[in-house]
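> Mind having a look at this structure? Questions to follow.
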Amino acid sequence: MRSSKECRIAIVIDHCEGTLSHIFDEAMVRYFSGLPCVVSCYQDDNLSSPRRLEKLVAKLRKGKADRAVIVGGSPKRYEASFRRLDLGTGFNPYMFLVANVREQAVWTIPDVERAKEKTKTIVAKRIREATCLSPIGEEKFELSKNAIVLGGGVVGMRAALALADANIQVTLLSRAKDIGGKAIQLTHFYDRPGEVSSWFKDQVKKVKKHPNIAVKTSVELKGLEGSLGDYRVKVEDPSGKRREVEGSAVILAMGNDVIPNTEGIFGHQRFISPPQMEAMLADGGKSLVTDKERPLQTVTFILDLVNETIKIDSANAIKNAILLRENHDRAVYVICRDVKVSLDGMEKQYRKAREMGVIFIKYDDPPKFSLVNGQINVEVKEVSIQMRGDDYSLSILSDLVVVSERFVPSKDNQMLADVLGIPLAEEGFLMDENPQFARVRTNRRGVFIAGGCRYPQTLDESLVEAEAAAAGVTELLSQGFFGYDLAVAEIDPAKCAACLTCPRVCPHSAIVVERYAEGNVYVTGGYEKDFRWKAARVLPMQCYGCGICVSSCPTKAITLKHLTDDEISLQVGV
Amino acid sequence: MVESFSPRIVAFCCDKSGYVAADMVGKLRLSLPESLDIVRVPCAGRIDALHLLQALEKGADGVLIFACHEENCQSLTGNIRAKARMGYLHGIMERIGLEKERLDLCNLATNNGAKFAETVLQKFDELKKLGPSPVE
Amino acid sequence: MIKAEQKPVDEILDFLKPHRKILLAGCNACVAVCHAGGEKEVGILSSALKMARKKAGQKIEILEDCSTRQCEPEFVQELKEKAEEVEAVLSIACGVGVQTVARMFSDIPVYPGLNTTFMGETDELGVWIERCQACGNCVLHVTGGVCPVARCAKQLLNGPCGGSQDGECEIGNDVPCAWQQIYDRLKTIGQLHRMEEIIPVKKWGRESRDKGPRTISREDLKL
Amino acid sequence: MIEPNKAVTVGQRPGVADQNVLILGSGIAGITTALELSEMGISSTILERRDRLGGQAAVFACKASEKCNKCFACVVDNQIQEVSRRSGIRILTESTLGKISGDPGRFKVQIQSGGNESRLEASVILVATGVDFFNARQKPEYGYGLFQNVITAQDLDEMLHAKGRVLRPSDGQVPSRIAFFQCVGSRDETIGHLWCSKVCCAYALRFMKAIRHQYPEIETSFFYIDIQPLGRSFESLLEACRQDERMHLIRSLPSKVYGHRTSTDLRIRFIDPVSGGITEEGFDLIVLSIGMTPREDADQVADLLHVPKNEEGFYRSPPPDSGIFVSGACKGPRDIGGSIIDAKATAREIAQYLGGV
Amino acid sequence: MKSGSNLEKILEKGLFAVTGELGPPKGNDIEVVKKKAEFLKGYVDAINITDNQTAIVRMSSIAAGALLVQMGLEPVIQMVTRDRNRIAMQSDIFGATALGVKNILCLTGDHQSFGNQVDSKNVHDMDSIQLIDCVRIMRDGGTILGGEEQIEGQIKMFIGAAANPFGDPFEFRVIRLAKKINAGVDFIQTQCIYDMKRFKEWMRMAGDMGLIEKVHILAGVTPLKSAGMARYMNKNVSGITIPDEFINRMAKAQKPAEEGIKICVEQIEELKEMDGIHGVHIMAIEWEHKMGQITEMAGLLPRPAVS
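In C-alpha cells form, the structure reads like this:
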C-alpha cells in the first residue's frame, strides 16, 4: 500500500436524479472534502447519462486528481461507462471506486440521520481503499479470421457454412471417411414435407463447394492446445502422418455415439434399431417382409427403456408409425412411458397418428419380451386401464420390434475434456448445463460446443445450436482484433514455488507453467522484463479475473490487479 | 445489555449474484441492519481464508459469504471452494473457542433479493442471541 | 517434496502460553507446496492465534515473516532482527527449518507449528501420499519402481505376506499392498524374475538411519 | 453471459455504423439479440410496450433448491442490467410501433411513446414480441379468479420473486398441500390449443423441488398427462422428484375444483392410477401450469410487417431478403435457454444480411 | 538328520504327520500351558506354540517350548520377524536349541495394529524368507549372519514356514513357496483351508514346478465353532476366505460345534488322499480339548512312536 501522500482523490457525487439530494447537504459535502488525500469534489445530478459524463471528464482533466471515488448508486451503474473515459495521461480510467450509498445506506436504512452516518462510514472506507489502487491498462492483439470445426456431422457442417458465409476461413475436421455424420440415416423430416436426403445432399454439396471451407476427412484427433487466436489441433491422417491445424477459435461438434441394445433377446433378428427402420422405409417398404416373403404385419416401437429424457426416438417413432400406417398399412403399436410432444407441431402429429390407428400404450414398469413361434410377444401393463396391483398384462404379438439405441458421448469427449480443461457432466457429455454459459459457450475463451457432443437433440434444435456457436465465434473474430483489459491475475516469479496449485484451480485454464518461461513479461517488483525462471504465468487474454488462483496460492505470489488483498483487508476493517 | 448490542456482520458478496441481490434489496426498499458491511469480490472463490479470519479478528461478530448457487457459477468451482474453505476454518474456529455460527455461507442468485435480506436478518438475530464476539 | 500438516491450533496455543511476543516464521518451499507453512498459512495461523489469545484475555503480539527456504542459514539469518525483538519463534517450516532456526537463535525457544510427516507425491490437489523413507540405499531398481520400505506396512523385501487380499494390505483402510503393485509392475515390464530371487537381508547399518544421524559431504564443493 | 473482462471498448465499426436495427420487444430474445449485435459493432433500438424491460421472464423467480435447477431466470436478470448499461443500444419504453414505410434496408418507422411521436430509420426490423401466458379464466372449471387459493404459475413466480415465500393468498399462511395442474391451456382441443408449451412440466417440477427445499414438510402433487423433458439437467431433476416421498406424480388430470372463495380445503376429483377408481383429495393451494399462447396483438404486428404465421398462430421466419427477422418465443413456445441461442443465431443472420461482418 | 526331532523322523519315514497348536497364556501361568499340553498329549506328533499371535502380548514361545520339552512333548516354536531384530533372533535360536527345542516355524507375523500394542514400533529387520536362510546358515554353515564367526556349539533345527494359498496375487503364491524352499525350509504348514478348490489348484501348480518332492507340506485346518465365528473370520482375519457353503451349514446346524468338527474331519479325510500332503496341522486354538475327538474321528490315531 503506497503511502497516502502520493494519491490525490477526486470525490464525484451523483445525486441520481435528485433522489439522494437530501443526503448530500453542505455538511456532508464538507465532510467529504475534509477526508484525507481528497483534492477535489464534484457534484452531478445523473452520472449515468453520457452527456453529463463528458462535462465531468472536462472537469477531471483540469483537476489535479489521479483517482476518483464516486458516491452514488451501484457500481454497475458507472463501471462500464467510466472505464472507457479518456481522463488524460495522469488519470487511469480504472482507478476509481464506487461508494454504493444509495442501495446500501439510503434505501435500506429508513432513518435519514442514521443513513447519513452509514454514508459517511462507507465513503470513509472507500477513501482508505483508494490508496492502494493501481493503474490498469488495456491490450489488443490481432486475430486472424480462421476457425476450426471438429466433427463433420450436420451440426459441424451448418456451423462451418455459417462461419464461411461471414468470410472466416474454416477447417472442418471429420473422423469419418466422408462428411455427413449419422443424420444421413434420416429419411423424412417429422414435421415438414420433403425428403431429408435431398436437403442433406445439398448441405454436403454446399460445404464441399464453399471457397472458405477446407474439409479434411478420416482424421484422428490427437490433441488440442493453445489459447484464443492461437488454437492448434493435432490430427493424424490414416497414413499416420501428424499435422497441426491452426485457428483462432474452435467449435466442438463431434456429435454423440450410439450403442445398439443387442444382448439377450434383443439380439434376435426381429428386434431392429430405429436407423434400420428408417432404412426399411427408405426403400419403399420392400424389405418389410419375412424371408418367406410373408409381410411383417405388426410393428411395435418400444421407447423410454433407455434415454428416457431425450426426445429423438419418440419423434422418429411417431413419424415412422404414420408412414407405416399411410403407405404400408401395418398394425403399429407405440409403447412408451411418456409420449414426448414438446416439439413444434408434434401434438398434431400425435393426434394424426392415433386417428390413423396407431395404438399408444403407456407403462410404468418396463415391458417383458418372449419368443412365441417366430413372433415376439410383448407383455406390458397399460397404466390407464388397470390398477397397479393387477398381475395380468396386455400381450402384443409383433413381427418387428423397434428398440432405441443408447445415446453415449463420443470417445473424443474425455480426451478433449482433459486437454482443454472443460468439465464433463455425469454421463460424460461436455459442460454441465450451467446457465452462465448459455449452452454454446465453454469455460475456455474461444472454444464453443454445439449439438450431440453437448446433449443429443432433434435435428432442428441442433442446427440452431450450430448457428449460435457460429455466432459466438463470429463475434470474437468480427473485429479483427481482441481487446481486453488487464484486470486480471499476475504472478510474481520470484515468489512462485511452482507448486502447480494455480493451473489446477483455474476454471478457465488460463495459467501455464513453462519449464523455463522464455520471455515471461513481469512488471511487478522491479524485475527486469525478460525473465528465465520456472514459474507459473497467467495468459491475460484467457483470464476472467475471478481471483480463485490468488486465494489458493500458498506463497501469496499472485495479485489480482483490480482487487488486491490489501483492498479487501481495508474494506473489512471496520 | 443485549438489546443495544447490534452485531457487526461483514458480508462478502460475489459480484455475479450476492452483490446484485444486495442491490435488489435496496430496490425493493427492504431494510437491512446498519451494522452490515458489504465487501464486493469478483467471485466467492476470491475470498481467502485469511480475509475471513481477519474479518473476525477485527471484531466482526459474524461473517457471511454470499455465493452463487452450485452449478451456476461463472468460475465453475468458486462457490464450492468457498464452502470448502469455510469448512476448513470451522475446524480452526472450534479449536480456538469461536462458535461456528459466526461464519456462514448462503447460496443465491441475482434475483434473490428477498432471500438476501432474510438471511442477513436471520443471522442478525442469531448473533444477537450468541452475543458479541469473544475476540472483542 | 517434504510433506507436512499443521498441528492443531489448540496444541500450539498450549506451548505458546508463557509468551507475549513471538515471531511466526513461514517457509515458501516444500511446506508451501503442500499448503501447510507458506505465507498464506502464516497469515491464517497468526490471525487464529491472536484471536484465541485475545479471547483468553492475554493478548499476543505476532511478528510475521516468510523465508524463501528455512533450511538455508542465509535465509534464516534474514529473520535476525525480528527474532531479537521477540520472546520465542513459532516456525511453521518442516522439522529441518525449526531446527535451523533453533540453532541460529539459540537464546530463545523455538516451537514447531507443523508435524512433518513424509516425502510424498501429489495424488490430486490437496492429497499427498507417502513415497520415500530416505533409507539411504534405494531398492527401487529391484522392485519395479515401487518402494516396499516406504509403502509396505511391514517393510518386507520378499513380499507379499499372507495378508495381501484383492490388492489391499491386511491393515485395511484402502491401503494398497505395495507388493501387489510391485508384482503387477514387474509383470508388465517383464522383470518378474526379480521377484523370484531372494533379496538378501538389507544392510540397514550401512546407509540408513540405524547407523546414526547421517551427513553427506561432497569433496568437490566443500573447500 | 457477455464474457466479463472482454474489451468494453466496442466502438462503432466503419461501413456498418449507420445501420440501425429496430427490435420490437425487450424480452430475453430481444435483449440478447441487441447485445450480440452490439458485440459485432451494430447499434440497435429496442421498442418496449411496458414501462420495464425483460418481458414475461423478468419476474420469474429463482427456482434453485440445494443447487441451481437451471431455470435461467437469473440470466434474464443479468441481461436486463447488461443491456441498460451497454452504449450503442437505445431503449424506448412505453412506446409502440406506428406506421412503417420504405423498403428493406431503408425502413422509415413512426413510433408513439406516451403521447408524443418520433420517427426512426432502421435497416432491419426484428420481431421479438414473445408470447402471452394462457388466461386461466378460460378454464372456469378450475376456478381461477373464483377461488383465491387457485393461482397460476405466473402468480407463484411473482410471489416468490418479490417476497421469496409461498403463501396462500386467502390468509397469507404457508400452505401444507400444494397441487400442480399441468397442460392448462395446452394440448387442449376444447380451446383449439393443439400444441405443447414445452416448459410447463420443467418449471412445475422445479417449483416443487424449490418449495420442498424451502418448506420440507409441504406435500406436493403433480397432475400430468405426459411428462415432457427439457434440456439435459431434466433427467436428474425428474429422478430426484420420483424419489422424493412427499412429491406425488399422478398421471391424470382432475376434472373440477370444488370450494368457496377463501376455502383452504379445495376438493378435486381424478382417476387415481394406483386404485383405478375416482378419488377425491383436498389441497390448500392449487397452481395452474399455464401454457404459452400467441400475443393478442400478434395479428396486427403480423399484418403491419407481413410476417407469415403457422396454424397455431405463432410466427414463421419471413423470406430472407425481406429485411424482417423473427426470434424467440413468438416463433413457438420455448424455454429461456432456447430463446437465447435462437437470438444468437438470428443476430448472426442479421449481421450477415447487413453484410458488414 | 537335520535336527533329529520326532516330527522330522515321522516325515522322513513318509508317515502322515499330525501337529497341533497351543496358544500360550497372556501371562506367566504355567498351569495353562500344562493343561493345554495335556489335551494334545498323544494325539499329535508336535505342538506349535504361537509367538504373540495377532500382535497380542503372550508368554514367549521359547519359554513355553522349554516347558513342553520338560513334559516330554515336542514343541514347534514360532518366531515372528515383527518383534525382534537379527541379533535377538539369533541369540533366541541359540537359547531354544540349548533348551532342547528342535523345530522352528519362521513367520513374518501380523501387523501390530491388530493387537493390543497398537502404538508399538515394528522391527521387520528381516522377513520370514531371510529368517529361514539365516537358520539354515546357522545349522549347516555353523556361523551367524555375515559368515565369519563360528558358533560355539551345534544348531540342530528342523526349519518350517507358513504358506497361504489364499493370498493374492494367486499366481505368485507358488513362486513364493519356491523361494522359501531355496532359502532352505524343511516343512510347510499352510493357512487353514476352507476353499478346497483353490487349495487343490495351488497344490497342482506346486506339483508342476516340482516343489512337492522338495518339502513336506502339512495342510492346515481349523474347526469352526459357530456361524458367527465363520463370518467374523471370513471378514476380518487376513488371508482367510470361507465359502458360503460352510457358513450356511454352520448357520443351519442345531449343534454348530459338532457340525464344525464334522466339517474339519471331512476336510482331513479329503486331505489324506491328496498326494503331496505329508500331514495335517490342526489349529484348534482355545479348543485344544477337542483334539482327541477330532484326531480319533479322522482315524489319525494312534500316533506312531519312532526311534
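Residue numbers (this note's numbering), protein chains in the order written: chain H, 1 to 574; chain X, 1 to 136; chain B, 1 to 223; chain G, 1 to 357; chain E, 1 to 307.
We put the CB at the ideal spot given by N, CA and C, even for glycine.
Can you find a C-beta in chain B that's less than 8 angstroms from the C-beta of proline 554 (chain H)?
The residue given as residue 554 (chain H) occupies position 554 in the first sequence. For proline 554 (chain H), the answer is yes, since a Cβ of chain B falls inside 8 angstroms of its Cβ.
> Are proline 175 (chain G) and aspartate 244 (chain G) closer than 8 angstroms when you measure CB to CB?
To locate residue 175 (chain G), count along the fourth sequence from 1; it is residue 175. To locate residue 244 (chain G), count along the fourth sequence from 1; it is residue 244. Contact: no.
> In its own chain, which residues sit with a C-beta less than 7 angstroms from the C-beta of serine 327 (chain G), not counting the 5 before and 5 after it?
Taking the fourth sequence and counting its residues from 1, the one referred to as residue 327 (chain G) is at position 327. The residues are Ala29, Thr33, Leu126, Ala128, Asp342, Ala343, Thr346.
> Can you list, in chain order, the residues of its chain whose CB lies under 7 angstroms from that of glutamine 359 (chain G), leaving out five sequence neighbours each side?
Summary: the structure shown does not reach residue 359 (chain G), with chain G confined to residues 1 through 357, and so no result is reported for it.
> What residues of chain H sit near threonine 77 (chain X), judged by a beta carbon separation below 8 angstroms?
As a first step, residue 77 (chain X) must be located in the second sequence, where it is residue number 77. Neighbours of threonine 77 (chain X) on chain H, chain order: Val505, Pro507, Ile548.
> Locate the alpha helix (DSSP H) running through tyrosine 183 (chain B), then write down its first and last residues.
The residue labelled residue 183 (chain B) in the question sits at position 183 within the third sequence. Unbroken alpha helix (DSSP H) run through tyrosine 183 (chain B): 178-188.
> According to DSSP, is asparagine 103 (chain E) helix, strand or coil?
Locating residue 103 (chain E) in the fifth sequence gives position 103, where the first residue counts as 1. DSSP places asparagine 103 (chain E) in strand when its eight states are reduced to three.
> Could you tell me which of E:Leu67, E:Arg86, E:Met89 sits nearest to leucine 99 (chain E), measuring between CA atoms?
Start at 1 with the first residue of the fifth sequence, and residue 99 (chain E) comes out as number 99. Here the closest residue by C-alpha is E:Leu67.
> Note down, in chain order, all residues in the segment 151-174 of chain B with a beta-carbon under 7 angstroms from any beta-carbon belonging to chain E.
Result list: Ala153, Lys154, Gln155, Leu156, Leu157, Asn158, Pro160, Cys161, Gly162, Gly163, Ser164, Gln165, Asp166, Gly167, Glu170, Ile171.
> Reducing DSSP to helix, strand and coil, say where glycine 41 (chain G) ends up.
In the fourth sequence, counting from the first residue as 1, residue 41 (chain G) sits at position 41. Coil at glycine 41 (chain G), not helix or strand.
> Expressed to the nearest angstrom, what Euclidean distance is found between the alpha-carbon atoms of asparagine 92 (chain H) and arginine 53 (chain B)?
The residue you call residue 92 (chain H) lines up with position 92 of the first sequence. The residue you call residue 53 (chain B) lines up with position 53 of the third sequence. About 44 angstroms.
> In this structure, how does DSSP classify glycine 282 (chain G) when only helix, strand and coil are distinguished?
By one-based count along the fourth sequence, residue 282 (chain G) stands at place 282. Three-state DSSP puts glycine 282 (chain G) in a strand.
> Determine the DSSP secondary structure at asparagine 111 (chain X), reduced to helix, strand or coil.
As a working mapping, residue 111 (chain X) is identified with position 111 in the second sequence. Coil at asparagine 111 (chain X), not helix or strand.
> In the DSSP assignment, find the unbroken beta strand (DSSP E) run with histidine 216 (chain E) in it and report its ends.
Counting from one through the fifth sequence, the residue named residue 216 (chain E) turns up at place 216. That run of the beta strand (DSSP E) goes 216-221.
> Among the candidates X:Ala109, X:Val120, X:Gly113, whose CA atom is the shortest distance from the CA of arginine 102 (chain X)?
In the second sequence, counting from the first residue as 1, residue 102 (chain X) sits at position 102. Of the listed residues, the one whose Cα sits closest to arginine 102 (chain X) is X:Val120.
> If the cut-off is 7 angstroms on Cβ atoms, which residues from the segment 123-137 of chain B count as contacting chain H, listed in chain order?
Those would be Leu125, in chain order.
> Please classify tyrosine 224 (chain G): is it buried, with 16 or more other beta-carbons within 10 angstroms of its beta-carbon, or exposed?
Here the question's residue 224 (chain G) lines up with position 224 in the fourth sequence. Tyrosine 224 (chain G) should be labelled buried.
> Counting only beta-carbon separations shorter than 8 angstroms, does aspartate 492 (chain H) have a partner in chain G?
As a position in the first sequence, residue 492 (chain H) is number 492, starting the count at 1. No, aspartate 492 (chain H) does not count as interfacial toward chain G.
> Among the candidates X:Leu32, X:Gln122, X:Phe66, whose CA atom is the shortest distance from the CA of isoleucine 109 (chain H)?
Numbered from its first residue, the first sequence carries residue 109 (chain H) at position 109. Of the listed residues, the one whose Cα sits closest to isoleucine 109 (chain H) is X:Leu32.
> Can you list, in chain order, the residues of its chain with a C-beta nearer than 8 angstroms to that of arginine 194 (chain B)? Leave out the 5 residues immediately preceding and following it.
Working through the third sequence from its first residue, we reach residue 194 (chain B) at position 194. Closer than 8 angstroms at the Cβ level, and outside the excluded window around arginine 194 (chain B), lie Val142, Thr143, Gly144, Leu186.
> With which residues is lysine 234 (chain H) paired in a DSSP beta bridge?
Translated into positions along the first sequence, residue 234 (chain H) becomes position 234. Note: lysine 234 (chain H) sits in a beta bridge opposite H:Gly223, H:Glu244.
> Determine the DSSP secondary structure at glycine 63 (chain H), reduced to helix, strand or coil.
For the purposes of this step, residue 63 (chain H) is taken as the residue at position 63 of the first sequence. In the structure shown, glycine 63 (chain H) sits in coil (DSSP, three-state: anything other than H, G, I, E or B).
> For serine 462 (chain H), return the contacting residues in chain G, with the cut-off set at a CB-CB distance below 7 angstroms.
Position 462 of the first sequence, counted from the first residue, corresponds to residue 462 (chain H). Neighbours of serine 462 (chain H) on chain G: none; closest Cβ ~11 angstroms, over 7 angstroms.
> Straight-line CA distance for valine 12 (chain H) to glycine 226 (chain H)?
On the first sequence, position 12 is the one that residue 12 (chain H) refers to. On the first sequence, position 226 is the one that residue 226 (chain H) refers to. Whole-angstrom Cα-Cα distance: 43 angstroms.
> Taking 6 angstroms as the limit between beta carbons, can you name the residues of its chain near glutamate 518 (chain H), skipping five residues before and five after?
Start at 1 with the first residue of the first sequence, and residue 518 (chain H) comes out as number 518. Caution is warranted here: a pLDDT of 45 is assigned to glutamate 518 (chain H), below 50, making its placement in the model unreliable, and the coordinate value is therefore given only provisionally. Closer than 6 angstroms at the Cβ level, and outside the excluded window around glutamate 518 (chain H), lies no residue.
> Return the chain-ordered list of same chain residues with a C-beta closer than 7 angstroms to the C-beta of lysine 309 (chain G), the five sequence neighbours on each side being excluded.
Here the question's residue 309 (chain G) lines up with position 309 in the fourth sequence. Taken in chain order, the residues that qualify are Ala302, Tyr315, Arg316.
> Which bits of chain H does proline 358 (chain G) rub up against, with CB to CB less than 8 angstroms?
As displayed, chain G neither begins before 1 nor continues past 357, which places residue 358 (chain G) out of reach and without an answer.
> Scan the segment 7-83 of chain B and note each continuous beta strand (DSSP E) run of 3 residues or more that stays entirely inside, going in chain order.
Whole beta strand (DSSP E) segments, 3+ residues: 21-27, 61-67.
> Express the C-alpha separation of glycine 279 (chain E) and alanine 17 (chain E) in angstroms, rounding to a whole number.
Translated into positions along the fifth sequence, residue 17 (chain E) becomes position 17. Translated into positions along the fifth sequence, residue 279 (chain E) becomes position 279. C-alpha separation (whole angstroms): 4 angstroms.
> Considering only residues of the same chain and omitting the five flanking positions on each side of lysine 561 (chain H), which have a CB-CB separation below 7 angstroms?
Here residue 561 (chain H) corresponds to residue number 561 of the first sequence, with the count starting at 1. Within the same chain, lysine 561 (chain H) has close Cβ partners Ser134, Ile136, Leu486, Ala487, Val488, Glu490.
> Check whether the Cβ atoms of leucine 49 (chain B) and leucine 13 (chain B) sit closer than 8 angstroms, and answer yes or no.
By one-based count along the third sequence, residue 49 (chain B) stands at place 49. By one-based count along the third sequence, residue 13 (chain B) stands at place 13. A contact, by the Cβ cut-off of 8 angstroms.
> Quick one: which residues of the segment 33-63 of chain B get their C-beta closer than 7 angstroms to a C-beta of chain X? List them in chain order.
Listed in sequence order: Lys40, Gly43, Ile44, Ser47, Ala48, Lys50, Met51, Ala52, Lys54, Lys55.
> Would you mind working out which of B:Ala150, B:Val127, B:Glu130 sits nearest asparagine 137 (chain B), comparing C-alpha positions?
What you label residue 137 (chain B) is simply residue 137 of the third sequence in a count that begins at 1. That would be B:Ala150, whose Cα lies nearest to the Cα of asparagine 137 (chain B).
> So that I know if they touch, is there some Cβ in chain B lying closer than 8 angstroms to that of arginine 95 (chain X)?
Numbered from its first residue, the second sequence carries residue 95 (chain X) at position 95. It does: the Cβ of arginine 95 (chain X) has a partner Cβ on chain B nearer than 8 angstroms.
> What three-state label does DSSP hand asparagine 20 (chain G) in the structure shown?
The residue you call residue 20 (chain G) lines up with position 20 of the fourth sequence. Strand.
> Measure from the alpha carbon of leucine 563 (chain H) to the alpha carbon of each residue in H:Gly153, H:Asp412, H:Lys241, H:Leu97, then state which is nearest.
Within the first sequence, numbered from 1, the residue matching residue 563 (chain H) stands at position 563. Checking every option, the nearest Cα to that of leucine 563 (chain H) belongs to H:Leu97.
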